[in-house]
Amino acid sequence: MTRVVRTYLDYNATAPLRPQAREAMLAALDAAGNPSSVHAEGRRARAIVEAARETVAALVGARPSEVIFTSGATEAASTVLHRRWQTIVLAPVEHPCVTGPALASEGRVRELPIARDGRLDPETLRGAIAGEIERGTPAAQMVVALQLANNETGIVQDVAALSAIAKEAGAFVVCDAVQAAGRIAIDRDALGCDFLMLSSHKLGGPKGIGALIVREGAPLSPLLIGGGQEKRRRAGTENVEAIAGFGAAAQAAATETGQRAHLVAGLRDALESGLRRMSPGLVVVGVDVERLPNTSLVVSPGRRSETTVISLDMAGVAVSSGSACASGKVSRSPVLAAMGFGDDIAQGAVRFSLGWATTQEDIERCLQAWSSIRPADKGSDLTAA
Ligand code: PLP
């Protein structure tokens, strides 16, 4: 039986574990102590945690003391948003880990429209903040959520400009940098945010670990209360192995950011031109604005995304549907809907996302697979929803 070579192009869901992360995790498994213990074993575990804190901080230009390790970006977002805010301002491009706790909080949620190009207009934000202040929310009781790069489209927001508007008014800013980290350079100070969320598994570290970076002096109500870990900002014994892997992945990502991003963008462009040559009706979302170098959301009108994703999977290529998928049910993508795409387009979206291990051969195999399933030429299975 011949073994099918798999091609993995779903880095925005989870990036494969980097060898440096695996190695650091294996070494950390042998550190017996609890990082809170004062003996030599405890101090060894503590040293692993603190070394990782430094590399994670360096990835985004923050201070190590500002890094709180969490179980992921979802916990980081919940920590910021679960209480304290009278008004939470956000756009529909935000990940459910931001919209979920915002809607569940006692605060009022102000949702802003986005432009057709997927970007948030600075004047829309300025008007909304002024409106909320006029309605009675003190600026210091308001937080604005700004996503740096979108998980579906890869579209990058001008967080520095948007954040300056919020800060000028006196509001706080929380930035979801999960998809941008390790793919484009991030300078937390230039972005001007008070809180920044990171997730290890998107940059080649293990799953179930992430970080909340809190600017010194920014108000925080811990989500997990108990022991005094993470300077009383997140209770619970630190996941030393996962933190070690996260630190190693952050360091590897930081070293390669510029040159690798350039390479990945070249592979992504080759993929898009190849797809377009075979399927002239194909639409690439976000081509006119700044996008992550690794992400390509394409739409083949007349074919449901699930059909394409399953056919590609059977041909050995792992990609994602552009639609939000929860509990196995594919629903309409709020991101594409907010950009003004109709159901016929939104239901045909397929996301290719590349990363640290993607090669030219992967792109060639993917194009070969696409040619064998050729969505646009094999008729339509799309009926109006
Ligand atoms: N934010 C974005 C943009 C994401 O893509 C994801 C993961 O899909 C998250 C947040 C949540 O990250 P985590 O898996 O660490 O909770």
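Under this note's numbering, read the sequence shown as residues 23 to 407, first letter to last.
For each residue, glycine too, the CB sits at the ideal point set by N, CA and C.
- Short of 7 Å from the beta carbon of residue 186, and not among the five residues preceding or following it, lie these beta carbons of its own chain, in chain order: 214.
- Per the C-alpha coordinates, the member of 365, 27, 87 positioned closest to residue 235 is 87.
- Using a cutoff of 7 Å, the CB of residue 200 counts as near the ligand PLP, since one of the ligand's heavy atoms is closer than that.
- Judged by beta-carbon spacing, residue 387 lies within the 8 Å limit of residue 29, meaning their Cβ atoms are closer than that value.
- With a cut-off of 7 Å, the C-beta of residue 388 is classified as distant from the ligand PLP, since no heavy atom of the ligand falls inside that distance.
- Contact annotation, residue 267 with residue 43: C-beta distance approximately 4 Å; criterion of less than 8 Å satisfied.
- Restricting attention to alpha helix (DSSP H) runs no shorter than 4 residues, the region 305-349 encloses them at 327-336, ordered along the chain.
- Look at residue 94: its beta carbon is less than 7 Å from one of the heavy atoms in the ligand PLP.
- Taking a C-beta distance under 8 Å as the contact criterion, residue 31 and residue 291 do not qualify as a contact pair.
- Counted as a single uninterrupted DSSP element, the beta strand (DSSP E) harbouring residue 219 occupies residues 217-221.
- For residue 197, the closest C-alpha among the options 331, 190, 231, 168 is that of 168.
- As the crow flies, the alpha-carbon of residue 115 is around 8 Å from that of residue 140.
- In this structure, the C-beta of residue 119 approaches the ligand PLP to less than 7 Å from one of its heavy atoms.
- The C-beta separation of residue 343 from residue 35 comes to about 11 Å, leaving the pair out of contact by the 8 Å criterion.
- Taking one beta carbon from each stretch, the region 206-225 and the region 244-251 have fewer than 3 pairs nearer than 8 Å; the two do not touch.
- A residue is called buried once 16 or more other Cβ atoms fall within 10 Å of its Cβ, and residue 382, having fewer, is exposed.
- In the DSSP assignment, residue 185 falls within the unbroken alpha helix (DSSP H) covering 181-191.
- For residue 131, the closest of 109, 76, 113, 371 by C-alpha to C-alpha distance is 109.
- A Cβ-Cβ distance of about 16 Å is found for the pair residue 220 and residue 195, leaving them out of contact under the 8 Å criterion.
- DSSP, read as helix, strand or coil, puts residue 267 in helix.
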